[in-house]
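To start, the structure itself, in structure tokens.
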Amino acid sequence: MSLTFLFDTGSPDLLVPESNCTSCVGLTLFNPNISSTFSPLPGTETNYDFATGADSIPFTVTEGATCRFVHDSVALGTGELKVENQEFVLCDTFAEALVISGISGILGMGLPFSSGDVPSWYWTLVDNGELDSPLYSFYIPPGDIHGGEVTLGGVDESKVDGEIIYLDLNAEATDAYYAYTFDQYGFYQNGKPLTNTSSNGTASPYSGWAVLDTGTAFLQAPDYTTAKSLYAQISPNITQIDVAGAWGAPCDELERVAPDLTFTLGSGSKALNLTIPKEYFNLGEYPGQPGICQAIFNNPIGALDSQWYYNDTAVWLIGSPLLDKYYTVWDGVGYRVGWGKLPGLPGF
Numbered sequence: 001m002s003l004t005f006l007f008d009t010g011s012p013d014l015l016v017p018e019s020n021c022t023s024c025v026g027l028t029l030f031n032p033n034i035s036s037t038f039s040p041l042p043g044t045e046t047n048y049d050f051a052t053g054a055d056s057i058p059f060t061v062t063e064g065a066t067c068r069f070v071h072d073s074v075a076l077g078t079g080e081l082k083v084e085n086q087e088f089v090l091c092d093t094f095a096e097a098l099v100i101s102g103i104s105g106i107l108g109m110g111l112p113f114s115s116g117d118v119p120s121w122y123w124t125l126v127d128n129g130e131l132d133s134p135l136y137s138f139y140i141p142p143g144d145i146h147g148g149e150v151t152l153g154g155v156d157e158s159k160v161d162g163e164i165i166y167l168d169l170n171a172e173a174t175d176a177y178y179a180y181t182f183d184q185y186g187f188y189q190n191g192k193p194l195t196n197t198s199s200n201g202t203a204s205p206y207s208g209w210a211v212l213d214t215g216t217a218f219l220q221a222p223d224y225t226t227a228k229s230l231y232a233q234i235s236p237n238i239t240q241i242d243v244a245g246a247w248g249a250p251c252d253e254l255e256r257v258a259p260d261l262t263f264t265l266g267s268g269s270k271a272l273n274l275t276i277p278k279e280y281f282n283l284g285e286y287p288g289q290p291g292i293c294q295a296i297f298n299n300p301i302g303a304l305d306s307q308w309y310y311n312d313t314a315v316w317l318i319g320s321p322l323l324d325k326y327y328t329v330w331d332g333v334g335y336r337v338g339w340g341k342l343p344g345l346p347g348f
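Numbering (the UniProt record's numbering), first residue to last: 1 to 348.
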């Protein structure tokens, strides 16, 4: 049977909704009873919690699923890439926030060490010699939900305007967050630095770490104070519009003040400037608030807030608003990510 999945670089696991899931309304579900290769073993129960989702609406609390570990053969697309007896998690409940996207499940593409003793589906393919290299690549043209492409085991250079530039990950941060993580040296609006003012009045760049996550549909500042300071430098009319941590303004005002945003990621001489054009600053009208549109940065709240500092280092979450403006190549073995310019979009 065929299901749709979100390729999620922020997770190592394969999550599949089961046919008995009463909360999975509108999703295509997996029926283990009609699979001749399914095994219910080991059957160990587990709960999954997610701090963000594939929708731009932030979570007020972690959203999760109740699942158990099972085995079956798992193939992608036409079935040429297949893993026999793959362990995955079969879920009988999904939180509403996980259902809203309409995507059946999550195909974790996280780092090879992040899945523990059981290799994920992708890294099992690599270990079995089914792919030419451990690289995988994403082409996600902005605004086109049907035009994306994932290349497993290599790079499709026909999608790139120029060369692909590779940036090394911050190894300490990557190991700490089990995610592809860079040094972030700051960012800019229309070429002007956005700065954080300390208690003694000193202005400094918004530095820290940047976690890349294809499973997140927004950008996230490390906390409320940082988000408030950031937006104050763009427009005083951008305010928090939801207790969940979303920010916005009247739609015409948000369009008027929207800046080009440029992030400086990487380390030393290899740092890159990566830009989100101003036409993508507005994420669209916010649900339940006619005429109010959501800006690109959210902030975590409550228990989720503490996740975004590590030894006093601020951690930013970088989702699809930046990742879909470039062709990206993910190297979980070499601890690096490649960036390629897309035709018609900013380069470096």
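Idealized CB from N, CA, C, for every residue including glycine. These numbers were taken from a predicted model, which means no experiment stands behind them.
Range of the contiguous beta strand (DSSP E) that encloses residue i
{"i": "S327", "result": "The question names Ser, yet the displayed sequence has Tyr at residue 327. Segment Y326 to D331, the beta strand (DSSP E) holding Y327."}
{"i": "L135", "result": "No beta strand (DSSP E) contains L135, which DSSP labels as neither H nor E."}
{"i": "A217", "result": "Here A217 belongs to no beta strand (DSSP E), and DSSP marks it neither H nor E."}
{"i": "Y185", "result": "T181 to Q189"}
{"i": "G344", "result": "No beta strand (DSSP E) holds G344; DSSP gives it neither H nor E."}
{"i": "N20", "result": "Note, N20: premise wrong, no beta strand (DSSP E); not H, not E."}
{"i": "V150", "result": "E149 to L152"}
{"i": "I103", "result": "Segment: none, I103 is in no beta strand (DSSP E) and carries neither H nor E."}
{"i": "D168", "result": "I165 to D168"}
{"i": "K192", "result": "K192 to T197"}
{"i": "L6", "result": "F5 to D8"}
Run of the alpha helix (DSSP H) containing residue i, from where it starts to where it stops
{"i": "W123", "result": "W121 to D127"}
{"i": "S320", "result": "S320 to L323"}
{"i": "A203", "result": "Counting along the chain, A203 falls outside any alpha helix (DSSP H), though it belongs to the beta strand (DSSP E) covering A203 to P205."}
{"i": "T174", "result": "A171 to Y177"}
Residue i, buried or exposed, once every other Cβ within 10 Å from all chains shown has been counted against 16
{"i": "F113", "result": "exposed"}
{"i": "E325", "result": "According to the sequence shown, residue 325 is Lys rather than Glu. With 16 or more Cβ atoms within 10 Å of its Cβ, K325 is classed as buried."}
{"i": "I34", "result": "exposed"}
{"i": "Y109", "result": "In the sequence as presented, Tyr is not what sits at residue 109; that position holds Met. Classification of M109: buried, given that the 10 Å Cβ count is 16 or more."}
{"i": "G147", "result": "exposed"}
{"i": "L194", "result": "buried"}
{"i": "V74", "result": "buried"}
{"i": "A95", "result": "buried"}
{"i": "N170", "result": "buried"}
{"i": "N311", "result": "exposed"}
{"i": "T328", "result": "buried"}
{"i": "L322", "result": "buried"}
{"i": "residue 393", "result": "In the structure as shown, the chain begins at 1 and stops at 348. Residue 393 is therefore absent and cannot be evaluated."}
{"i": "N47", "result": "exposed"}
{"i": "V83", "result": "buried"}
{"i": "A217", "result": "buried"}
{"i": "P40", "result": "exposed"}
{"i": "V243", "result": "exposed"}
{"i": "D161", "result": "exposed"}
{"i": "A203", "result": "exposed"}
{"i": "S11", "result": "buried"}
{"i": "D223", "result": "buried"}
{"i": "E45", "result": "exposed"}
{"i": "N282", "result": "buried"}
{"i": "S56", "result": "buried"}
{"i": "T99", "result": "A small fix is needed here, since residue 99 is Val in this sequence, not Thr. Classification of V99: buried, given that the 10 Å Cβ count is 16 or more."}
{"i": "K341", "result": "buried"}
{"i": "D144", "result": "exposed"}
{"i": "G79", "result": "exposed"}
{"i": "T226", "result": "buried"}
Nearest-angstrom beta carbon gap, residue j and residue i [assumed within contact, 8 Å]
{"i": "F299", "j": "G344", "result": "Checking the displayed sequence, the identity of residue 299 turns out to be Asn instead of Phe. Between G344 and N299 the Cβ distance is about 31 Å, and since that is not below 8 Å, they are no contact."}
{"i": "L107", "j": "F7", "result": "5 Å"}
{"i": "G208", "j": "Q184", "result": "5 Å"}
{"i": "G105", "j": "R68", "result": "Not a contact, Cβ separation roughly 14 Å."}
{"i": "W121", "j": "L14", "result": "5 Å"}
{"i": "D213", "j": "T9", "result": "6 Å"}
{"i": "L254", "j": "L152", "result": "Not really, about 38 Å apart at Cβ, beyond 8 Å."}
{"i": "I296", "j": "L230", "result": "The Cβ separation is near 10 Å, so there is no contact."}
{"i": "residue 351", "j": "I103", "result": "Outside the displayed range of the chain (1 to 348) lies residue 351, so it cannot be described from this structure."}
{"i": "D49", "j": "T66", "result": "At roughly 11 Å, the Cβ-Cβ gap does not stay under 8 Å, so D49 and T66 are not in contact."}
{"i": "W316", "j": "A221", "result": "6 Å"}
{"i": "P205", "j": "P277", "result": "No, P205 and P277 are not in contact; Cβ-Cβ is about 21 Å, not under 8 Å."}
Any non-hydrogen atom of the ligand ADP closer than 7 Å to residue i Cβ
{"i": "A271", "result": "As presented, the structure is devoid of all ligands, the ligand ADP included, so that no description of it is given."}
Threshold first: 3 residues or longer. Then list the beta strand (DSSP E) segments lying entirely within the region 24-97, N to C. 45-50, 63-76 and 81-94
Secondary structure, alpha helix (DSSP H): runs of 4+ residues fully inside the region 232-292: 251-257
Cβ contact (3+ pairs, closer than 8 Å) linking the region 326-345 and the region 133-142: yes
Within 8 Å, do at least three Cβ pairs link the region 222-236 to the region 166-181? no
For the region 242-256 against the region 156-171, are there 3 or more C-beta pairs whose distance is under 8 Å? no
Check whether the region 17-31 and the region 117-130 are in contact - that is, three or more C-beta pairs closer than 8 Å. no
Is there contact between the region 286-300 and the region 268-275, where contact requires at least three CB pairs shorter than 8 Å? no
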